[in-house]
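Undergrad: In our numbering, the protein residues as written are 1 to 355. All C-beta atoms, glycine included, are put in the ideal place defined by N, C-alpha and C. The structure under discussion is supplied below as structure tokens; questions concerning it will follow.
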Amino acid sequence: MSALTMAVLLSLVSAVSYALAAIVQEKIASSTEPSRWRLLRSGMWWTAAALQGAGALLHVAALAQGPLTVVQPLGVLTLVLAAPLAALLGRRPVTPSAWRGIVLVSAGLAGILLLTGDTGVGSLDRGGQFLLAGCVLGLVALLAGAAAAVRRTVHGRPGGRLGALRSTALALAAGVAYGAASVFVKSLAEGWASAPLAVSVALAGLTVVLAATGLASSQASYRDGGLATPLATATVANPVVAAAAGILLLEESFRYGATGTVLALAAGALTTWGLVVLTSDSARQARTEEPGQSRRAARPGAAGTPDRADGPDRGPAAESAALRTSEAEVLGVVPGPRTSPAHPAGGRAVSLSAR
């Protein structure tokens, strides 16, 4: 088996692990109140973290076998697999539009694989390491600052356009952090035997920081953006950052020179189109409610909720929880019919279907 084939297989298994982790993360984010320490006591959170870790280890193994321009684009399979997996776990069919998106993404990735050329130098030199680290840390700090500013603006009013903007900023930060971490991992895998110990330790530490930043940012992005949009944003940003670094800093390339590069860009555009189709389909489903579905978040007579969930006393917090529950059910993350009693938690009514 060739190194490229091994890299592709490892990337596929890694994508499955990441997709399952994203589904679990979204369920946690939609069913728990914001709390750093409460998550550490959640078995589901540790399950998501374990799945993320397994995906990361498989991804590292793939990076050691293949070029960034192949391994990182295959990461978009996370979103492709998330749709049918969420449908399977929630016992809901994948829509025709989602299948079209899956076909488009698969065709684009196949084109990128066929055009794969020179694997490059494999390891960053000292100047490339400092340049990439400075650019990435600065960009992540900028995106995190923007998300924090938006959070102060929407304090007490979750959801809406500003909430979506915060989710997008955090998802971009996650994608940038993950993409850069992959570049440093590949550099470590290729040059650990010849690099000075201090350099290897520093790169390993930076990689851990970037991975932790990506995990925290992706978890936070699901709170206001659901599953599809933040996952698509991070999944696209990740290979863009890594492939750009691979081409500009590691001298990776595609077959057939300039023509191959243009064809690879076209394949990337086809992949992006498929991701947009997938994301739009999920957003459309989230906006389509069945009659009475929005009332599941506040059961009449439950403690801490008004007697009539649809009456004039229904507050914005209950409405937000109802919409979030509806979105999670439509995405297939939770089954739907069986709802737990609504209960006040941190001033917000929370209700999710029990699995």
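#1: Indicate the three-state DSSP secondary structure (helix, strand or coil) for T229 in the structure shown.
#2: Measure the CB-CB distance between V150 and L139 and report whether it falls below 8 Å.
#3: Could you give the residue range of the alpha helix (DSSP H) that holds T95?
#4: State buried or exposed for R161, treating a residue as buried only when at least 16 other CB atoms are found within 10 Å of its CB.
#5: Using CA atoms only, rank isn't needed, just tell me which of A19, W45 and S17 is closest to A29.
#6: Please give the ranges of any alpha helix (DSSP H) in the stretch 56-96, keeping only runs that are unbroken, at least 4 residues long and fully inside the region.
#7: CA-CA distance, V183 and D125?
#8: Determine the closest residue to E252 out of A234, T233, P67 and A82, with distance taken between C-alpha atoms.
#9: Determine, using beta carbons only, whether L143 and L275 come nearer to each other than 8 Å.
#10: Relative to the alpha-carbon of A171, which residue among A234, Q25, A22 and S280 has its alpha-carbon at the smallest distance?
#11: CA-CA distance, S123 and V8?
#12: Assuming A237 and G108 are in contact, meaning their beta carbons sit under 8 Å apart, how far apart are those beta carbons, in whole angstroms?
#13: L74 and A15 - do their beta-carbons sit closer together than 8 Å?
#14: To the nearest angstrom, how far is it from the Cα of V278 to the Cα of A98?
#15: Considering only the alpha carbon of each residue, which of A133, S218, G225 and G246 lies closest to A202?
#16: Excluding the five sequence neighbours on either side, which residues of its own chain have a C-beta within less than 7 Å of the C-beta of A242, listed in chain order?
#17: Check each candidate in A61, L113, S200 and L77 and name the one with the smallest Cα separation from A22.
#18: With a CB to CB cut of under 7 Å and the five nearest residues on each side skipped, what residues in its chain are close to A281?
#19: What separation, rounded to the nearest whole angstrom, lies between the Cα atoms of L210 and A177?
#20: Give me the Cα-Cα distance between S221 and A86, rounded to the nearest whole angstrom.
#21: Relative to the C-alpha of A174, which candidate in Y18, G127, L131 and Q219 has its C-alpha closest?
#22: Can you list, in chain order, the stretches of the beta strand (DSSP E) that have 3 or more residues and sit fully within the stretch 227-282?
#23: On a Cα-Cα basis, can you pick out the residue from V24, A3 and L4 that is closest to L215?
#24: Which residue wins for smallest C-alpha separation from A64, given the options L114, M6, L89 and A49?
#25: Within 10 Å of its beta-carbon, does V70 have 16 or more other beta-carbons around it, so buried, or fewer, so exposed?
TA: Quick look at the numbers:
#1: Here residue 229 refers to the residue found at position 229 of the sequence shown. It is helical.
#2: In the sequence shown, the residue the question calls residue 150 occupies position 150. In the sequence shown, the residue the question calls residue 139 occupies position 139. Contact: no.
#3: Reading the sequence shown from its first residue, position 95 is the one you call residue 95. Counting along the chain, T95 falls outside any alpha helix (DSSP H), and DSSP gives it neither H nor E.
#4: In the sequence shown, residue 161 corresponds to position 161, counting from 1. Classification of R161: exposed, given that the 10 Å Cβ count is below 16.
#5: Taking the sequence shown and counting its residues from 1, the one referred to as residue 29 is at position 29. Measuring from the Cα of A29, the nearest candidate turns out to be W45.
#6: With a minimum length of 4 residues, the continuous alpha helix (DSSP H) runs that stay inside the stretch 56-96 are 68-71 and 77-90.
#7: Within the sequence shown, residue 183 is the residue found at index 183, counting from 1. Within the sequence shown, residue 125 is the residue found at index 125, counting from 1. Cα to Cα, the separation comes out at about 12 Å.
#8: What you label residue 252 is simply residue 252 of the sequence shown in a count that begins at 1. Selected option, being the one with the closest Cα: P67.
#9: Sequence index remark: in the sequence shown, residue 143 carries index 143 (1-based). Sequence index remark: in the sequence shown, residue 275 carries index 275 (1-based). Contact flag unset, no.
#10: The sequence position of residue 171 within the sequence shown is 171, counting from 1. Ranking A234, Q25, A22 and S280 by Cα distance to A171 puts A234 first.
#11: On the sequence shown, residue 123 is found 123 positions in, with the first residue counted as 1. On the sequence shown, residue 8 is found 8 positions in, with the first residue counted as 1. Just so you know, the alpha carbons of S123 and V8 end up roughly 20 Å apart.
#12: For the purposes of this step, residue 237 is identified with residue 237 of the sequence shown, where counting begins at 1. For the purposes of this step, residue 108 is identified with residue 108 of the sequence shown, where counting begins at 1. Contact doesn't hold; Cβ gap of about 16 Å is too wide.
#13: Counting from one through the sequence shown, the residue named residue 15 turns up at place 15. Counting from one through the sequence shown, the residue named residue 74 turns up at place 74. With respect to the 8 Å criterion, A15 and L74 are classified as neighbours on the basis of their beta carbons.
#14: Residue numbering aside, residue 278 sits at position 278 when the sequence shown is read from its first letter. Residue numbering aside, residue 98 sits at position 98 when the sequence shown is read from its first letter. In the sequence on display, residue 278 carries Leu and not Val. In this structure, the straight-line span from the alpha carbon of L278 to that of A98 is close to 5 Å.
#15: Indexing the sequence shown from 1 puts residue 202 at position 202. Per the Cα distances, A133.
#16: Counting from 1 along the sequence shown, the entry for residue 242 is found at position 242. When the five nearest sequence neighbours on each side are left out, the beta carbons in the same chain lying within less than 7 Å of the beta carbon of A242 are those of L68, Q72, G179, S182 and V183, in order along the chain.
#17: As a first step, residue 22 must be located in the sequence shown, where it is residue number 22. Ranking A61, L113, S200 and L77 by Cα distance to A22 puts L77 first.
#18: For the purposes of this step, residue 281 is identified with residue 281 of the sequence shown, where counting begins at 1. The sequence as given places Asp at residue 281; Ala does not occur at that position. Closer than 7 Å at the Cβ level, and outside the excluded window around D281, lie T95, S97, A98 and G101.
#19: Walking along the sequence shown from the start, residue 210 turns up at place 210. Walking along the sequence shown from the start, residue 177 turns up at place 177. Distance from the CA of L210 to the CA of A177, rounded to the nearest whole angstrom, comes to 5 Å.
#20: Numbered from its first residue, the sequence shown carries residue 221 at position 221. Numbered from its first residue, the sequence shown carries residue 86 at position 86. Near 18 Å, if we compare the C-alpha coordinates of A86 and S221.
#21: Start at 1 with the first residue of the sequence shown, and residue 174 comes out as number 174. The shortest C-alpha separation from A174 is found at Q219.
#22: Counting only runs that start and end inside the stretch 227-282, there is no beta strand (DSSP E) element of at least 3 residues.
#23: Taking the sequence shown and counting its residues from 1, the one referred to as residue 215 is at position 215. With distances taken between Cα atoms, L215 lies closest to V24.
#24: The residue you call residue 64 lines up with position 64 of the sequence shown. Nearest C-alpha to A64: M6.
#25: As a working mapping, residue 70 is identified with position 70 in the sequence shown. Looking at its Cβ environment, which holds 16 or more other Cβ atoms inside 10 Å, V70 is buried.
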